[in-house]
Amino acid sequence: MFHIFQYQPLRLITQNSLSSMCLKLMLSRPVAFAQIWKSWFSSHSLLGKKNIVLMGPPGAGKTTVGRIVGQKLDCPVIDIDDDVLETTWNMSVSEKLQDVGYEEFLEEEGKALLKFSASGSVISLSGSNPMHAAGMQHMKKNGIVVYLDVPTTVIMSRLKSKQMDRIVGLSPGISLKDILQFRKQFYKRWFDIRVFCGGDIAAEVVAEKVLDAVKRYQDSELETFISTRSSRSGRSTKEDSHKLYFSDVVTQGLALDGGLFVPERGLPKFTAEEWQGLIEATYVERAQVMLERCIHPADIPASKLAEIIEIAYGENFSCSKIAPVRHLAGNQFLLELFHGPTASFKDFALQLVPHLFAHCIPRSCNYLILVATSGDTGSAVLDGFSRLHNTDKQRIALVNFFPEDGVSPIQKSQMIGCQKENAWSVGVKSDFDFCQTAIKQIFTNSDFTGFLTVEYGTALAAANSINWARLLPQIVYHASAYLDLVHQGIISFGSPVDICIPTGNFGNMLAAFYAKMMGIPIRKCICASNENNVLTDFIRTGVYDLRGRKLISTFSPAVDILKSSNLERYLHLMANEDGQLVTQLFNQLENQGHFQLRKDLLGKLQQDLVAGWCSDEDCLTAIHSVYSTTGYILDTQTAVAKVVADRLQDRTCPIIISSTAHYSKFAPAILRALRIAEINQNPLSQLHLLSSYSALPPIHWGLLETLKKTGNGDHQVCAADMSALMSYIETLIQSHFV
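This is how it looks when you write it as structure tokens:
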């Protein structure tokens, strides 16, 4: 067997002589000794007996980066090509490849790996090593596999300049680009850490990235979460006893003190080079790179996370671009977020979150997820959790509360039709704000939640946008939209854009702001409200006032919201994580129905946000106008954003309008906007009528199929009473889990 242990000359010195030398150095040059000891301790505590195994395509710089990392850690450096393969075969790698051919070469290469052993070293794999499963399993046993992910265009440029002729698999009829693309599946299978290298950056910079990534991998303590109602210096008193990690906040949903979870150290920031390295990437690749940096591998291993993302954004979406950006008119662009199975932007989070949740929860407990929706969340969360594996469905159930008379007929039919064996819809005789407040109160009722756990072995969890995991996928599509404009040549990277979003619960807007914090050049976030314009008033005046306000039912029901939950996360950030101030503000809102921001905080807020609102009449007029001039049909929420964007944009940069739902979901309002005199009340008939217009985009396939199959099925209806809701929850748990 081929062994490499720590063979550097210093390590050949005997223990006694080494101790004597250390003593002399410590006495004569204490500062130098301290520096050497600190360096030695740092490197050995980082590696121990583990190896850092660098993996990536040919031309990724594995050998050069490996040498630099080895120098920094003062440890052995092994290049598999030069130090193992050529030594074992007694010939060059290119000669071996020419001698035995492609398939036999991979097998011989794998056998050499299986005979190789090392400890506490930096190892640079060959580009084709990951294609041999047994060999890679052997390397992972004692190694942390680091994937140097370099954009394909950069790799091809490097290989062309070096005139490399030993690429395994290269043959007539097979391009280099095809080989590089084919190999990505193997790199994704084996890596523990991805180091995204962005553009053509220096090896020294990549080496520092590797060291930082390994340190992060080994220390999950760095990525903890706090409540928005805890101070910057510590957690809320109810959570002082233990730290909270991503897995905890996904399953817990709401903090014990009633606040919302946020990462204690904030979100990661990407460099301009890293963002530019994602310009050519697919949506799935962008999501993988971004979410790996936001979710610690101790919670979800990177390779597992990549697998989950591929499942979430695979065949479930009707458009291969997942979230395409379409030019509307002038400087306005639409970010189409309705190509998922239930035709709204909610699918981006809720095709992903169920799999994250199933991975994070303990196997010893059942979970009932509570959701409140003003429309689109309901069908999206029902569809998402229905796609779990059958074993997960047995331990994870979901109940979706929606205002019985506060959603569109098609949305209601869709929510009822999306019910499955582990997921139910419940209409509540009230509005969305009651549904959302009721869920918060149930979560903070420790007597009730404790009773469910003890009596039935069932814990409660949330999948609304108050759950941190719901926000992360939304950050991705805002970043992706900007990168798409760069890719299309509309702007160069670094040029600013504005973003306009129809806003109710503030989650989508908050995600855009988070994308800005992570390095996307967003200038202004424009908040678009309908006649329930409490957010517009707040952003303009700093006064959040619910006194005397009643929810108005509009043609854009997804933003018929008065209490915007995710605003709390934003204010926590603006207030420099002053949890006491956030607690004071939201307690005052709960008890007195209003609060007012300090002048300095309002000034900070208005640097990021501007706001406007739109009447129902203006909404329908906008739909008609856009269809008349472009042949494109906006949904009612997007029309609200279009109207506000027209009023508030200064036209000095592109503006991306979030198209949050497909117009099919709001057929009666759309038909009215298109000035159809007689409207059939049957949702399916309405969709067929709309399809006759041959408009852009076409009728949503998933929505049409759902309505064809289910019609108007049965569903539970509850009074707007906390006791009734809690009784229903207990009955449901008894029937499903017991």
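Numbered according to the UniProt record's numbering, the sequence shown spans residues 1 to 738. We put the beta carbon where it would ideally sit given N, CA and C, even for glycine.
Would you mind stating whether residue i and residue j have Cβ atoms separated by less than 8 Å?
{"i": "S374", "j": "D537", "result": "no"}
{"i": "residue 788", "j": "W89", "result": "Absent from the model: residue 788. The displayed extent of the chain is 1 to 738, so no value can be given."}
{"i": "D132", "j": "L159", "result": "Before going on, a small fix: residue 132 reads as His here, not Asp. Their beta carbons are not under 8 Å apart, which means H132 does not touch L159 by this criterion."}
{"i": "N680", "j": "W613", "result": "no"}
{"i": "Y147", "j": "I193", "result": "yes"}
{"i": "F338", "j": "P654", "result": "no"}
{"i": "L291", "j": "I311", "result": "no"}
{"i": "S658", "j": "L687", "result": "no"}
{"i": "V582", "j": "L567", "result": "no"}
{"i": "R395", "j": "N366", "result": "yes"}
{"i": "L368", "j": "I733", "result": "yes"}
{"i": "Q181", "j": "T152", "result": "yes"}
Leaving aside the five residues before and after residue i along the sequence, list all residues of the same chain whose C-beta is less than 6 Å from its C-beta, in chain order.
{"i": "F401", "result": "A372, V426, V428, C435"}
{"i": "Q15", "result": "Confidence is the limiting factor: at Q15 the pLDDT is only 37, short of 50, which leaves the residue's position unreliable, though a coordinate-based value still follows. Within the same chain, Q15 has no close Cβ partners at all."}
{"i": "G59", "result": "I155, R158, L159"}
{"i": "P9", "result": "Caution is warranted here: a pLDDT of 30 is assigned to P9, below 50, making its placement in the model unreliable, and no coordinate value can be reported."}
{"i": "V486", "result": "I279, F493"}
{"i": "Q137", "result": "none"}
{"i": "I300", "result": "H359"}
{"i": "K393", "result": "N422"}
{"i": "V610", "result": "K524, I526, L648"}
Going by the DSSP bridge assignment, what does residue i pair with across the sheet?
{"i": "F333", "result": "H327, I656"}
{"i": "K420", "result": "A423"}
{"i": "N51", "result": "G143"}
{"i": "S495", "result": "DSSP, once it has assigned bridges, lists no residue as partnering S495."}
{"i": "P58", "result": "Per DSSP, none; premise fails for P58."}
{"i": "I526", "result": "C500, V610"}
{"i": "L254", "result": "L260"}
{"i": "P403", "result": "V428"}
{"i": "V77", "result": "V122"}
If we ignore side chains and look at the alpha-carbon of each, how far apart do residue i and residue j end up?
{"i": "V738", "j": "I416", "result": "24 Å"}
{"i": "N682", "j": "Y632", "result": "24 Å"}
{"i": "residue 747", "j": "A645", "result": "Residue numbering for the chain in the displayed model covers 1 to 738; residue 747 lies beyond these limits and cannot be assessed."}
{"i": "W424", "j": "R183", "result": "43 Å"}
{"i": "S480", "j": "A213", "result": "23 Å"}
{"i": "S128", "j": "V168", "result": "7 Å"}
{"i": "G234", "j": "I226", "result": "Its pLDDT being 45, under 50, G234 is placed unreliably by the model, and nothing is read from it."}
{"i": "P341", "j": "R523", "result": "32 Å"}
{"i": "T377", "j": "S564", "result": "15 Å"}
{"i": "E273", "j": "L328", "result": "29 Å"}
{"i": "H296", "j": "D616", "result": "44 Å"}
{"i": "A554", "j": "S529", "result": "A small fix is needed here, since residue 554 is Thr in this sequence, not Ala. Answer to the nearest angstrom: the Cα atoms are 11 Å apart."}
{"i": "A112", "j": "V84", "result": "7 Å"}
{"i": "residue 755", "j": "G135", "result": "The chain is shown only over 1 to 738; residue 755 falls outside these bounds and no answer can be derived."}
{"i": "Q288", "j": "A677", "result": "48 Å"}
{"i": "L597", "j": "L256", "result": "25 Å"}
{"i": "W37", "j": "L211", "result": "Since pLDDT at W37 reaches only 43, below the 50 mark, its modelled position is unreliable, and the value read off the structure follows with that caveat. For W37 and L211, the distance between alpha carbons rounds to 18 Å."}
{"i": "T629", "j": "N467", "result": "40 Å"}
{"i": "F385", "j": "L585", "result": "35 Å"}
{"i": "A298", "j": "A306", "result": "14 Å"}
{"i": "P496", "j": "P362", "result": "44 Å"}
{"i": "H736", "j": "L382", "result": "16 Å"}
So, for residue i: in the same chain, excluding its five sequence neighbours on each side, which residues have a beta-carbon less than 8 Å away from its beta-carbon?
{"i": "H594", "result": "V543, Y544, D545, L546, R547, Q588"}
{"i": "A724", "result": "C718"}
{"i": "L562", "result": "D433, N532, V534, L546, R549, L551"}
{"i": "R470", "result": "A349, L350, V353, A463, N464, G507"}
Following a CB-centred definition, is residue i positioned closer than 7 Å to any heavy atom of the ligand ATP?
{"i": "Q218", "result": "Summarising the ligand content, the structure contains no ligands, and the ligand ATP is consequently not present."}
Beta-carbon within less than 7 Å of residue i's beta-carbon, same chain only, minus the 5 sequence neighbours each way: which residues are those?
{"i": "A207", "result": "V65, I68, V69, K72"}
{"i": "L125", "result": "V53, L54, M55, K62, I80"}
{"i": "M21", "result": "Residue confidence is low: M21 scores 43 on pLDDT, short of 50, so the model does not pin down where it sits. No coordinate-derived value is stated."}
{"i": "D484", "result": "V325"}
{"i": "Q441", "result": "M722"}
{"i": "E404", "result": "G427, V428, K429, V717"}
{"i": "T224", "result": "K243, L244, Y245, E264"}
Kindly say whether residue i, judged by its beta-carbon, lies nearer than 8 Å to any beta-carbon of chain D.
{"i": "F261", "result": "The structure shown has no chain D; it contains just one protein chain."}
Check whether the region 138-151 and the region 50-58 touch, using three or more Cβ-Cβ pairs below 8 Å as the test. The region 138-151 vs the region 50-58: in contact.
Inter-stretch contact (C-beta, 8 Å, three-pair minimum) for the region 258-277 and the region 601-609: Contact fails: fewer than three Cβ-Cβ distances are below 8 Å.
The region 511-520 contacting the region 463-477, beta-carbon criterion three pairs below 8 Å: Yes: at least three Cβ pairs fall under 8 Å.
Are the region 634-647 and the region 490-505 touching, with three or more C-beta to C-beta distances below 8 Å? The region 634-647 vs the region 490-505: in contact.
Stretch-stretch touch, CB-based, cutoff 8 Å, three pairs: the region 107-121 with the region 68-85: The region 107-121 is in contact with the region 68-85.
Decide if the region 447-463 is in contact with the region 341-357; the criterion is three or more beta carbon pairs, one per stretch, under 8 Å apart. With a cut-off of 8 Å, the region 341-357 and the region 447-463 count as touching, because enough Cβ pairs lie within range.
With three or more beta-carbon pairs closer than 8 Å as the criterion, would you say the region 320-327 touches the region 279-292? Yes, the region 320-327 is in contact with the region 279-292.
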